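Quick note on this note's numbering: the sequence shown kicks off at 512 and runs consecutively.
Cβ atoms here follow ideal geometry from the backbone N, Cα and C, with glycine treated the same way.
These numbers were taken from a predicted model, which means no experiment stands behind them.
These notes concern the structure reproduced below.
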Amino acid sequence: SAPRDTCEAVVSTQSTGYPLCGGEEIDEEDMDKLPLDLQYLPEDKEREHDLQTRILISDTLFQMGGTYSVREAYRAGNYYPLLKNYDQWEENLDAREHIQNVIYIIIQDDGEVDLRKEDELPAGCEDETKVEVVKLPATDETDLTSAGS
């Protein structure tokens, strides 16, 4: 059922995204919308030190965001400020591109992003199609709105 999927998505994204979080101040209103485990992190909270791990986490968040329920969990959990802070902190351009892909799927309306909702795939469409639509090279300048064409 959708509520269980959304709940699982929130728990999964919390633990997956935690290493990208730092101890920056976040607006009180935004802070209150975050999942409890991500609220009021200590000022000395350090992000993951390994660059490749940070890129892998960003890619994981992007892949998870290929489903409607997870994108909704990202939005409901107010992940945008955390990911924006990470993007501003990150010095490596490749890693920034990866997290910007995640930010893009959060801020765009689902109608503007051609990532198919799992319950909206055409009849007879195989799971392979979902993966093909979601897997975009992070370094590719491809417009996401034309990815499924």
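Could you pull the start and end residues of the alpha helix (DSSP H) that N612 belongs to? Within the sequence shown, residue 612 is the residue found at index 101, counting from 1. Start and end: 604–618.
Would you identify the three-state DSSP class for Q574, choosing helix, strand or coil? For the purposes of this step, residue 574 is taken as residue 63 along the sequence shown, with counting starting at 1. Three-state result, Q574: helix.
Mind checking N564: buried by the 16 CB within 10 Å criterion, or exposed? In the sequence shown, residue 564 corresponds to position 53, counting from 1. It should be noted that the sequence gives Thr, not Asn, for residue 564. By the 10 Å Cβ count, T564 comes out exposed.
At a cut of 8 Å, does the stretch 610–621 reach the stretch 580–599 through at least three beta carbon pairs? yes
Close-in-space but distant-in-sequence residues of the same chain around D630 (CB under 8 Å, 5 per side omitted): Taking the sequence shown and counting its residues from 1, the one referred to as residue 630 is at position 119. With a pLDDT of 49 at D630, under the threshold of 50, the predicted position of this residue should be treated as unreliable, though the coordinate-derived value follows. Hits under 8 Å: Y579.
Contact check, G534 vs D555 under 8 Å by CB: the rounded distance? Locating residue 534 in the sequence shown gives position 23, counting from the first residue. Locating residue 555 in the sequence shown gives position 44, counting from the first residue. That pair is a contact at about 6 Å.
Once you ignore the five residues that flank M575 on each side, which residues in its own chain have a CB closer than 6 Å to its CB? If you number the sequence shown from 1, residue 575 lands on position 64. Excluding residues within five positions, the ones whose Cβ falls inside 6 Å are V581.
Reducing DSSP to helix, strand and coil, say where L593 ends up. For the purposes of this step, residue 593 is taken as the residue at position 82 of the sequence shown. Helix at L593.
Pick out whichever of E583, G528, D570, E540 has its Cα sitting closest to the Cα of Q619. Counting from one through the sequence shown, the residue named residue 619 turns up at place 108. Nearest option by C-alpha distance: E583.
Is it the case that the CB of D598 approaches a heavy atom of the ligand MG more closely than 7 Å? Absent from the structure shown: the ligand MG. Ligands present: none.
Between which residues of its own chain and P530 is the CB-CB distance below 8 Å, once the five residues before and five after are set aside? As a working note, residue 530 is residue 19 in the sequence shown. Answer for P530: R558, E559, T564, R565, I568, listed in chain order.
With DSSP collapsed to three states, give me the class of K556. Sequence index remark: in the sequence shown, residue 556 carries index 45 (1-based). Note: K556 maps to coil in three-state DSSP.
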